[in-house]
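K.L.:
Handing you a structure now.
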Amino acid sequence: MTRIFLLFIFLLFSEILTAHKPKVKVANFGNVKTFYISEFNFGSKTVSSEELKMEIFGKLSQRIAEKYAYNDTILIERMTMPYYNTKDFFIIENENSAHKLPWLNNGFVAKSNKRGLAIRIMSSKIEVKTVLKCVEYAILNQKKLNRHLITVNFQYNLNDKIPLEVSPDDFINEIIAKPSGLVGELMNTEILLLKDQQIIQWKNDEFVFGINTEGLKDDNLYKSLYSSHRIHDFLYYIESYYSDYFLIFKDTKTFTFFNGLRENTVENLKVETQSWEPFQLIKEKIGSRIIFYDTRDYFYLYHVNKKLLQKIE
């Protein structure tokens, strides 16, 4: 155990920590633009479900725009940092597809660019169906959007607030409650979100973690041993450095170990945490054991073969 502890200390202090910097992702899907900013950034191997959803929003919103022949810009902005605000904010507006959310933490509201539509959401979590319904409603009711906006005080630091026009809760709830055949159809779309040695797909409102078996022949004996892991939503996953397993955190204290083999998949493993930040995974395995941590006070050792989780202080 001493050797493992010394290795952990060495690896811990050799890590380059970038968690204090937000992760920003920008993408285009035809005339649909997406912007995402999160509260943490541990690189490409630690990914929240909210980050993955941005690709789903972009691809399916593009199909909604094509369905209704809407050719102007649709901007979908997502921010998972509430700053000093305790409630979620939606802003659905017409004739303003300029970026707005990135500047709010500086106490600045960007001017309108007088074109396109925007769906802006500040919340820790959001459902795919909710965003798609907002996009469809915005396209079909462009001229009505801005008259629903109300002014609230948005707190952007400890002591200061700015006036911000937002869409009221009852207006958003009305959009969500309205049935949509098109959105229901799109929810059955299969979208590939990650493909290396492992894969992540989304279909029927579920994320599906699996193994990439494209390189295996149909008669390969190992192919029948692989399974998938389905989950409606999760907080974040950590993919191993060599892309041979996932730690999928359902919430801050519960995770699933998944490497594609039914016999090794273990759900609802419990951990303690002292940080709002995700756990970090040590790059190298020690035999069949993996190490992860979120503080320098202790770390977790998980023995894959024994399905044994230990806290080492």
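Numbering (the numbering used here), first residue to last: 2 to 314. All C-beta atoms in this analysis are idealised placements derived from N, C-alpha and C, irrespective of residue type, glycine included. This structure is a prediction, so every number in the text was calculated from the model and none was measured.
Consult DSSP for Ser49 and reduce its assignment to one of helix, strand or coil.
P.N.:
strand
K.L.:
According to DSSP, what are the bridge partners of Thr296?
P.N.:
None, per the DSSP bridge assignment.
K.L.:
Which of the three DSSP states is assigned to Glu215 in this structure?
P.N.:
coil
K.L.:
For Val209, I'd like the list of residues in its chain whose CB is within less than 6 Å of its CB, leaving aside the five on either flank, ordered along the chain.
P.N.:
Gln202, Ser229 and Arg231
K.L.:
How would you call Val25, buried or exposed, if buried means at least 16 neighbouring beta carbons within 10 angstroms?
P.N.:
exposed
K.L.:
In chain order, what residues of the same chain lie with their CB nearer than 6 Å to the CB of Phe250, ignoring the 5 residues before and after it?
P.N.:
Leu236, Tyr237 and Phe256
K.L.:
Would you tell me roughly how many angstroms separate the C-alpha atoms of Ser243 and Tyr299, rounded to the nearest one?
P.N.:
According to the sequence as given, residue 243 is Tyr; it is not Ser. Going from the Cα of Tyr243 to the Cα of Tyr299 covers about 24 Å.
K.L.:
Look at the alpha carbon of Ser168 and the alpha carbon of Lys254, and state the distance between them as a whole number of angstroms.
P.N.:
34 Å
K.L.:
So Tyr227 and Gly261 are in contact, right, with Cβ under 8 Å, and what is the actual spacing, rounded?
P.N.:
Confirmed, about 5 Å.
K.L.:
At 3 residues or longer, what runs of the beta strand (DSSP E) sit wholly inside the segment 83-151?
P.N.:
90-95 and 118-123
K.L.:
Are Ser173 and Phe91 closer than 7 Å when you measure CB to CB?
P.N.:
The sequence given here places Ile at residue 173; Ser does not occur at that position. Contact: yes.
K.L.:
Taking Cβ positions, are Glu40 and Met82 nearer each other than 7 Å?
P.N.:
yes
K.L.:
Taking just the CA atoms, how far does Leu105 sit from Glu76?
P.N.:
Here residue 76 turns out to be Leu, not Glu, going by the sequence shown. The alpha-carbon separation between Leu76 and Leu105 amounts to approximately 17 Å.
K.L.:
On the DSSP letters alone, give me the boundaries of the beta strand (DSSP E) that Asn29 sits inside.
P.N.:
Val25 to Phe30
K.L.:
Between Pro23, Glu273 and Lys54, which lies nearest to Phe293 when the distance is taken from Cα to Cα?
P.N.:
Glu273
K.L.:
Leaving aside the five residues before and after Gly108 along the sequence, list all residues of the same chain whose C-beta is less than 8 Å from its C-beta, in chain order.
P.N.:
Tyr157, Asn158, Asp161 and Ile163
K.L.:
DSSP beta-bridge partners for Leu282?
P.N.:
Note: Leu282 sits in a beta bridge opposite Phe293.
K.L.:
Do you know how far the Cα of Leu193 is from the Cα of Gln199?
P.N.:
11 Å
K.L.:
Go through its chain and collect everything with a Cβ distance to Tyr69's Cβ below 6 Å, but skip five positions before and after it.
P.N.:
Ile140
K.L.:
Label Ser276 either buried or exposed according to how many other C-beta atoms from any shown protein chain fall within 10 Å of its C-beta, with 16 as the threshold for buried.
P.N.:
exposed
K.L.:
According to the neighbour-count rule (16 or more other Cβ atoms, all chains shown, within 10 Å of its Cβ), is Val132 buried or exposed?
P.N.:
buried
K.L.:
How far does the beta strand (DSSP E) with Val267 in it reach, from first residue to last?
P.N.:
Val267 to Lys271
K.L.:
Fully enclosed by the segment 179-238, which beta strand (DSSP E) runs are 3 residues long or longer?
P.N.:
192-196, 199-204, 207-212 and 230-232
K.L.:
What is the residue span of the beta strand (DSSP E) that Val167 lies within?
P.N.:
Lys162 to Val167
K.L.:
Terminal residues of the continuous beta strand (DSSP E) containing Thr255?
P.N.:
Thr255 to Phe259
K.L.:
Can you look up Lys22 in the DSSP assignment and give me helix, strand or coil?
P.N.:
coil
K.L.:
What is the rounded straight-line gap between the Cα of Leu13 and the Cα of Gln143?
P.N.:
At Leu13 the pLDDT is 45, less than 50, meaning the model places this residue with poor confidence and gives no usable figure here.
K.L.:
Just the C-alpha distance for Ala66 and His233, rounded to the nearest angstrom, thanks.
P.N.:
26 Å
K.L.:
What does a CB cutoff of less than 7 Å around Met2 pick up in its chain, not counting 5 residues either side in sequence?
P.N.:
The pLDDT assigned to Met2 is 48, lower than 50, so where the model puts this residue is not dependable; a value taken from the coordinates is nonetheless given after this. Closer than 7 Å at Cβ, skipping near neighbours: no residue.
K.L.:
Looking at chain D, is there any beta carbon in it that lies within less than 7 Å of the beta carbon of Phe293?
P.N.:
No chain D appears in this structure, which consists of one protein chain only.
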